[in-house]
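Student: Residue numbers (the working numbering), protein chains in the order written: chain A, 1 to 213; chain B, 1 to 213; chain C, 1 to 213; chain D, 1 to 213.
Glycine included, C-beta positions come from ideal geometry on N, C-alpha and C.
Mind having a look at this structure? Questions to follow.
Protein chains: 4
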Amino acid sequence: MKALVTGFEPFGGDGVNPASEVLKLLPPRIGALDIATRVLPCAFDRVLAELADAVGELRPDLVLCLGLAGGRAELSLERVAINVDDARIADNDGGQPIDRPVVAGGPAGYFSTLPIKAAVAALREAGLPATVSNSAGTFVCNHLFYGLMHLLATRRPGLRGGFMHLPYLPSQAAAQPGAPSMALADIAHGVEIVLAVAAAQRDDIVAAEGAIS
Amino acid sequence: MKALVTGFEPFGGDGVNPASEVLKLLPPRIGALDIATRVLPCAFDRVLAELADAVGELRPDLVLCLGLAGGRAELSLERVAINVDDARIADNDGGQPIDRPVVAGGPAGYFSTLPIKAAVAALREAGLPATVSNSAGTFVCNHLFYGLMHLLATRRPGLRGGFMHLPYLPSQAAAQPGAPSMALADIAHGVEIVLAVAAAQRDDIVAAEGAIS
Amino acid sequence: MKALVTGFEPFGGDGVNPASEVLKLLPPRIGALDIATRVLPCAFDRVLAELADAVGELRPDLVLCLGLAGGRAELSLERVAINVDDARIADNDGGQPIDRPVVAGGPAGYFSTLPIKAAVAALREAGLPATVSNSAGTFVCNHLFYGLMHLLATRRPGLRGGFMHLPYLPSQAAAQPGAPSMALADIAHGVEIVLAVAAAQRDDIVAAEGAIS
Amino acid sequence: MKALVTGFEPFGGDGVNPASEVLKLLPPRIGALDIATRVLPCAFDRVLAELADAVGELRPDLVLCLGLAGGRAELSLERVAINVDDARIADNDGGQPIDRPVVAGGPAGYFSTLPIKAAVAALREAGLPATVSNSAGTFVCNHLFYGLMHLLATRRPGLRGGFMHLPYLPSQAAAQPGAPSMALADIAHGVEIVLAVAAAQRDDIVAAEGAIS
Chain A
1 MKALVTGFEP FGGDGVNPAS EVLKLLPPRI GALDIATRVL PCAFDRVLAE
51 LADAVGELRP DLVLCLGLAG GRAELSLERV AINVDDARIA DNDGGQPIDR
101 PVVAGGPAGY FSTLPIKAAV AALREAGLPA TVSNSAGTFV CNHLFYGLMH
151 LLATRRPGLR GGFMHLPYLP SQAAAQPGAP SMALADIAHG VEIVLAVAAA
201 QRDDIVAAEG AIS
Chain B
1 MKALVTGFEP FGGDGVNPAS EVLKLLPPRI GALDIATRVL PCAFDRVLAE
51 LADAVGELRP DLVLCLGLAG GRAELSLERV AINVDDARIA DNDGGQPIDR
101 PVVAGGPAGY FSTLPIKAAV AALREAGLPA TVSNSAGTFV CNHLFYGLMH
151 LLATRRPGLR GGFMHLPYLP SQAAAQPGAP SMALADIAHG VEIVLAVAAA
201 QRDDIVAAEG AIS
Chain C
1 MKALVTGFEP FGGDGVNPAS EVLKLLPPRI GALDIATRVL PCAFDRVLAE
51 LADAVGELRP DLVLCLGLAG GRAELSLERV AINVDDARIA DNDGGQPIDR
101 PVVAGGPAGY FSTLPIKAAV AALREAGLPA TVSNSAGTFV CNHLFYGLMH
151 LLATRRPGLR GGFMHLPYLP SQAAAQPGAP SMALADIAHG VEIVLAVAAA
201 QRDDIVAAEG AIS
Chain D
1 MKALVTGFEP FGGDGVNPAS EVLKLLPPRI GALDIATRVL PCAFDRVLAE
51 LADAVGELRP DLVLCLGLAG GRAELSLERV AINVDDARIA DNDGGQPIDR
101 PVVAGGPAGY FSTLPIKAAV AALREAGLPA TVSNSAGTFV CNHLFYGLMH
151 LLATRRPGLR GGFMHLPYLP SQAAAQPGAP SMALADIAHG VEIVLAVAAA
201 QRDDIVAAEG AIS
């Protein structure tokens, strides 16, 4: 069994991105699961082609995409991707789509096919702050998440995939008054836990992790 | 032209809900737009039937549903409803569905068909804090929003509709340390603005109101 | 019995300040309490002289100074003023003292002599969000609060005084994503309540309104 | 040269406290500075006697007291201790003083005599989120901080001391939705940096680290 884990290059003026830094710390295998990694560009118009290439080349069973959610304190297992690009800032190519669908004619949304609540439970059990999130935003992270799920739904029906948002690294938060962060080693530990849970079970647990609003 | 505006009864132990209180302050007409209002139950298993009854009876051109988002500081124009119920607490009938679709076999999501960015711009112009929100949660608010959009998409194709989340009233926030709130008169003013904008234009403006994450 | 209520002119690029706007809404009398108001400059090097002039001229029994605390959601009754100026931004005269005492040789701090917990209780009872705050910052607000208490302690022993921080007005919050606010009428109502409580009782109530950290 | 570093035992139902856990990770020496540690009780009526005993026995040149500030994301160098106990919850002995002075007849406040801005600058330089805080609360942390500074001012004039608040550990934040945290190794690294800075310089740097409100 093989997992592809992707992370974004830095964006928005940051010199570093935990989503790509963490890839360097992942082991080549977690139990019976082989781990392959790819750094992806933070660019609306290139990221999905690179993802498709990596999936085509590596033929993974699981895909976990990682991105930075500056300002969040917890590892966030994203529940749903939505079919809209709405960029508050420009991406690394200068692209800034507004209210454009990720995939013209695609469905309004896709749900993660990873066991996100089981992952959250395992992360907390390991002493790591984690949550289910109901929005991956409308920037390149959601774009990639939607594109991934569309790829799996339309061309790779046997694959499962999802997206996890990461907090700032402490070194990033040091420059942003009041911002929460998480140590890179803890983020790496969290990614390993999510991969192990996803490899071990297809069905999610029943747990109230919803949001009132 | 006629608008139906709905608001929820109190829930979760609160004695009051701005979403129903505000209905009492709305005028019967805003320009050429007639306003009808309905208080809806905060109950997964009853709210959509009552909504459908009201739409069938009143035959509005626009439907704006209102709900409380305790903890938010701004009037929140919701962008998307998702096809999942995941209740952290019980509703007013004791119902607490977990990871159940709002509509079995329905699409993963529906986008609001109100001009939400034009509404946000008009609200700010009027001095009211407002934002586009990318998640209406997974409780009865999202359930109603999804059910509304499904009803419009499948049985009332000419109608337009959407959802707005409201902050606590000051009297509610007085019991919750640190919670933001908004005066009822300002909420009512905001609802009128959103209705006027929705009545005046079908197409939204182009404005970067997206979220990075 | 007479109260002096002061508010700051706008600062930091804002065109308006609730602390001066609210003065226009106060009645000339609250019960047996005469109300006089003064707008004060947001300037370290001028504000205390203007305060002393107003106190000397008006000879009030109570002094309540008001200031803006952008980002707070509640009316904040300040508990303590500290003997330090540490300005993150320049004041309206371009002054930006760093780690300079408000009064050279003065005590490290002064406690409010208003019944702040009784005021908080009365505000909440009236449906207004309110709290005891343990820091008035280190900008002109704290400077004025310290200077007021030093004046009372050293030259006007019969007078009582204190400071209340106010949230943004909604029109200010409309320009600051996510910021909480309070309607001007509610702020004015709150100021009247605080004045009435302060006029009615010298001793505070016993209530746990402390902060863990 | 010798430093005493103190940390509190767990309180408020927590099974662990970063302020005592971190003591186990400190080295016996940092450069020429010898490090002694003490765990102190989270109890208003006992903590100052134990602090005085430790200072009398160990005769340190520097005292750095540590405490938990659950909900803060940064290492917080406290600027000022105030002469009031106001407990929102009971301490570990069941004590809950309200509006009682820490030291009857003591001054309203004491400023830290550690170079807090130099420490913040060094922490950020090392990639750790840090800030100057203007309130240590009104619970046992502020009580200890005030008691420490009173002890130094009245009986140990050559000693310098101060207080630093710490974020939750990740394992604590895992049980508190949305709460920020910091890895224990990063906290320990931060404590070492603060001690090294305090040992190296008596005077603080000039830097604008104040708060508007």
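Which residues in chain B have a C-beta closer than 7 Å to the C-beta of Phe111/A? List them in chain order.
Tutor: Translated into the one-based positions of the first sequence, residue 111/A becomes position 111. Those are Ala108, listed as they occur along chain B.
Student: Would you list, in chain order, the members of the stretch 61-85 of chain B that have their beta-carbon closer than 8 Å to a beta-carbon of chain C?
Tutor: Of all residues in the stretch 61-85 of chain B, Ala73, Glu74 have a Cβ within less than 8 Å of some Cβ in chain C.
Student: Among Gly106/D, Gly190/D, Phe111/D, Gly178/D, which has the Cα closest to the Cα of Arg160/D?
Tutor: As a first step, residue 160/D must be located in the fourth sequence, where it is residue number 160. Taking only the C-alpha atoms, the option nearest Arg160/D is Phe111/D.
Student: With a cut-off of 9 Å, does the C-beta of Ala118/B fall near any C-beta of chain C?
Tutor: In the second sequence, the residue the question calls residue 118/B occupies position 118. False, the Cβ-Cβ gap to chain C never drops below 9 Å.
Student: Can you look up Gly147/B in the DSSP assignment and give me helix, strand or coil?
Tutor: Here residue 147/B is taken as the residue at index 147 of the second sequence, counted from 1. Helix, per DSSP.
Student: What residues in its chain sit with their C-beta under 6 Å from that of Leu25/D, if we drop five residues either side in the sequence?
Tutor: Along the fourth sequence, read from residue 1 onward, the residue named residue 25/D stands at position 25. Same-chain partners within the cutoff: Ala188.
Student: Count the other CB atoms within 10 Å of the CB of Gln201/C; is the residue buried (16 or more) or exposed (fewer)?
Tutor: By 1-based counting over the third sequence, the position of residue 201/C is 201. Gln201/C should be labelled exposed.
Student: Give me the Cβ distance between Val39/C and Leu23/C, rounded to the nearest whole Å; I'm assuming they're in contact under 8 Å.
Tutor: The residue you call residue 39/C lines up with position 39 of the third sequence. The residue you call residue 23/C lines up with position 23 of the third sequence. Correct: roughly 7 Å between the Cβ atoms.
Student: Which runs of the alpha helix (DSSP H) spanning at least 4 residues fall entirely within the stretch 52-134 of chain C, listed in chain order?
Tutor: The stretch 52-134 of chain C contains these whole alpha helix (DSSP H) runs: 116-125.
Student: Taking only three categories from DSSP, how would you classify Arg46/A?
Tutor: Mapped onto the first sequence, residue 46/A falls at position 46. Of the three classes helix, strand and coil, the one that applies to Arg46/A here is helix, per DSSP.
Student: Please identify the residue among Val120/D, Glu74/D, Ala104/D, Glu78/D whose C-alpha is closest to the C-alpha of Ala173/A.
Tutor: For the purposes of this step, residue 173/A is taken as residue 173 along the first sequence, with counting starting at 1. Checking every option, the nearest Cα to that of Ala173/A belongs to Glu74/D.
Student: Distance, Cα to Cα, Gly210/A vs Pro180/A?
Tutor: Your numbering for residue 210/A matches position 210 in the first sequence. Your numbering for residue 180/A matches position 180 in the first sequence. Going from the Cα of Gly210/A to the Cα of Pro180/A covers about 22 Å.
Student: Can you name the residues of chain D whose CB is closer than 8 Å to the CB of Asp223/A?
Tutor: It is not possible to answer for residue 223/A, since the shown part of chain A is limited to 1 through 213.
Student: Please determine, among Ala208/D, Ala126/D, Gly178/D, Val206/D, the residue with the shortest C-alpha to C-alpha distance to Ile193/D.
Tutor: By 1-based counting over the fourth sequence, the position of residue 193/D is 193. Nearest option by C-alpha distance: Ala126/D.
Student: Starting from the Cα of Thr131/B, find the closest Cα among Glu50/C, Gly178/C, Ile30/C and give me that residue.
Tutor: Counted from its first residue, the second sequence places residue 131/B at position 131. The option with the nearest alpha carbon to Thr131/B is Gly178/C.
Student: Taking the continuous alpha helix (DSSP H) assigned at Val197/C, which residues delimit it?
Tutor: To locate residue 197/C, count along the third sequence from 1; it is residue 197. It spans 184-200 - the alpha helix (DSSP H) in which Val197/C sits, taken as one unbroken run.
Student: When the distance is taken between beta carbons, is Arg100/B closer than 9 Å to Asp86/B?
Tutor: Taking the first residue of the second sequence as 1, we reach residue 86/B at position 86. Taking the first residue of the second sequence as 1, we reach residue 100/B at position 100. Yes, they are a contact pair.
Student: Taking its Cβ as the centre, do 16 or more other Cβ atoms sit within 10 Å of Arg29/B, making it buried, or is it exposed?
Tutor: By one-based count along the second sequence, residue 29/B stands at place 29. It is exposed - the Cβ of Arg29/B has fewer than 16 other Cβ atoms within 10 Å.
Student: Which residue marks the beginning of the alpha helix (DSSP H) containing Ala19/B, and which one marks its end?
Tutor: For the purposes of this step, residue 19/B is taken as the residue at position 19 of the second sequence. Note, Ala19/B: alpha helix (DSSP H), 18-21.
Student: For a test of the three-state rule: what should DSSP assign to Arg156/B, helix, strand or coil?
Tutor: By 1-based counting over the second sequence, the position of residue 156/B is 156. It is coil, neither helix nor strand.
Student: Could you please tell me which residues of the stretch 115-145 of chain B, in chain order, have their CB closer than 9 Å to any CB of chain C?
Tutor: Against chain C - using a Cβ distance shorter than 9 Å - the residues of the stretch 115-145 of chain B are Leu123, Arg124, Glu125, Ala126, Gly127, Leu128, Pro129, Ala130, Thr131.
Student: Look at Leu77/B and Ala3/B and say whether their C-beta atoms are less than 9 Å apart.
Tutor: What you label residue 77/B is simply residue 77 of the second sequence in a count that begins at 1. What you label residue 3/B is simply residue 3 of the second sequence in a count that begins at 1. No, Cβ-Cβ distance for Leu77/B and Ala3/B is not below 9 Å.
Student: Rounded C-beta distance between Val80/A and His143/A? I'm assuming under 8 Å.
Tutor: Translated into the one-based positions of the first sequence, residue 80/A becomes position 80. Translated into the one-based positions of the first sequence, residue 143/A becomes position 143. Between His143/A and Val80/A the Cβ distance is about 14 Å, and since that is not below 8 Å, they are no contact.
Student: Could you confirm whether any beta carbon from chain B is found closer than 9 Å to the beta carbon of Glu9/A?
Tutor: Here residue 9/A refers to the residue found at position 9 of the first sequence. Not closer than 9 Å to any Cβ of chain B, the Cβ of Glu9/A fails to qualify, so no.
Student: Taking only beta-carbon positions, decide if Gln201/C is within less than 9 Å of chain B.
Tutor: Position 201 of the third sequence, counted from the first residue, corresponds to residue 201/C. Not one chain B Cβ lies under 9 Å of Gln201/C.
Student: Taking Pro170/B and Leu128/C to be in contact with their CB atoms under 8 Å, please state how far apart those CB atoms are, rounded to whole angstroms.
Tutor: In the second sequence, counting from the first residue as 1, residue 170/B sits at position 170. In the third sequence, counting from the first residue as 1, residue 128/C sits at position 128. The pair is a contact, with the Cβ atoms about 6 Å apart (cut-off 8 Å).
Student: Chain C partners of Ala179/B, CB-CB under 9 Å?
Tutor: As a position in the second sequence, residue 179/B is number 179, starting the count at 1. Chain C residues near Ala179/B: Ala73, Glu74, Pro129, Pro180.
Student: How big is the Cα-Cα spacing for Arg156/C and Leu58/C?
Tutor: Numbered from 1 along the third sequence, position 156 holds the residue referred to as residue 156/C. Numbered from 1 along the third sequence, position 58 holds the residue referred to as residue 58/C. Arg156/C and Leu58/C: Cα-Cα distance of roughly 13 Å.
Student: Counting only Cβ pairs nearer than 9 Å, list the residues of chain A close to Ala174/D.
Tutor: One-based indexing of the fourth sequence puts residue 174/D at position 174. Chain A residues near Ala174/D: Glu74, Leu123, Arg124, Glu125, Ala126, Gly127, Leu128, Pro129, Ala130.
Student: When you compare each of Gly94/B, Pro60/B, Gly190/B to Val140/B by their alpha carbons, which one comes out closest?
Tutor: For the purposes of this step, residue 140/B is taken as the residue at position 140 of the second sequence. Val140/B has its Cα closest to that of Gly94/B, out of Gly94/B, Pro60/B, Gly190/B.
Student: Taking its Cβ as the centre, do 16 or more other Cβ atoms sit within 10 Å of Met182/C, making it buried, or is it exposed?
Tutor: Numbered from its first residue, the third sequence carries residue 182/C at position 182. It is buried - the Cβ of Met182/C has at least 16 other Cβ atoms within 10 Å.
Student: Would the beta-carbon of Phe145/A fall within 9 Å of that of Asp91/A?
Tutor: Here residue 145/A refers to the residue found at position 145 when the first sequence is read from its first residue. Here residue 91/A refers to the residue found at position 91 when the first sequence is read from its first residue. No.
Student: For Ala208/A, which of Asp45/A, Leu151/A, Thr113/A, Lys117/A has the nearest alpha-carbon?
Tutor: Reading the first sequence from its first residue, position 208 is the one you call residue 208/A. Residue Lys117/A is the option with its Cα nearest to Ala208/A.
Student: Going straight from the alpha carbon of Asn83/D to that of Gly162/B, what length do you get?
Tutor: To locate residue 83/D, count along the fourth sequence from 1; it is residue 83. To locate residue 162/B, count along the second sequence from 1; it is residue 162. Cα to Cα, Asn83/D sits roughly 54 Å from Gly162/B.
Student: Would Arg156/D count as contacting chain C if we go by Cβ distances under 9 Å?
Tutor: The sequence position of residue 156/D within the fourth sequence is 156, counting from 1. With 9 Å as the cut-off, Arg156/D does not count as an interface residue toward chain C.
Student: Return no unless some Cβ of chain B is closer than 9 Å to the Cβ of Glu215/A.
Tutor: Here chain A has residues from 1 to 213 only, and residue 215/A is not among them.
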